[in-house]
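Right, one structure below, let's go through it.
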Amino acid sequence: MRQHEFTVDLPHSARRLWALFQRYDLWKEYAPAVLDVEIVYPGDAEGNGLLRRVVYPLPLGRRGESFELVKNVRANQGYDYVMLRTGLSGSMTLEPLGPNRTRLRFRETFHMTKPWLRWLEGPIYRFINKKNEESMRGAAAWLSAHLEFRPDLIDPS
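Quick note on the working numbering: the sequence shown kicks off at 41 and runs consecutively.
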């Protein structure tokens, strides 16, 4: 089993980042880790129980697919998720640092269960980690380029 944690400070409010992360229709615009995303089940009013189907790139032009169940949702703060087929689990948290400054923490555990794929686990996981990190930075870049997106959530200076 492998674990990965990524922490980055972003120049946007936690509320604005959260609003972007809830717009699944925009994920493909900023996240190189996402080729497609579909909401299979919306969950409750807070988003607990949301089931999303995510198609993501793999090395050598391959594609992977996961069904991710979202739980422990804390609006504007974070959530946990588990991939239903693989048991991979992860979390994303947003920690306000000041006006329009947020620390994002992304954690994930990964374990290939098929013995014949275990020898690929390291290279595949490094590739996925890189794409996830690019996606988090991509969200910040997207917000910087789209000031019209939820300007009401930009903190006053």
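Backbone N, C-alpha and C define an ideal beta-carbon position, used for all residues, glycine too.
{"Query": "Exposed or buried, Glu148, counting other C-beta atoms within 10 Å across all chains shown (16 or more means buried)?", "Result": "buried"}
{"Query": "Quick one: residues in its chain with C-beta nearer than 7 Å to the C-beta of Arg56, no 5 flanking neighbours on either side, listed in chain order?", "Result": "Leu183, Arg190, Leu193, Ile194"}
{"Query": "I need the boundaries of the alpha helix (DSSP H) containing Phe61, first residue and last residue.", "Result": "54-61"}
{"Query": "Rounded to the nearest angstrom, how far is the Cβ of His52 from that of Thr126, given a contact under 8 Å?", "Result": "So it is not a contact: roughly 31 Å between Cβ atoms."}
{"Query": "For Thr136, which of helix, strand or coil comes out of DSSP?", "Result": "Note that residue 136 is Pro in the sequence shown, not Thr. Correct three-state label for Pro136: strand."}
{"Query": "Cα separation between Pro97 and Lys170?", "Result": "11 Å"}
{"Query": "Please classify Asn112 as buried or exposed, where buried requires at least 16 other C-beta atoms within 10 Å of its C-beta.", "Result": "exposed"}
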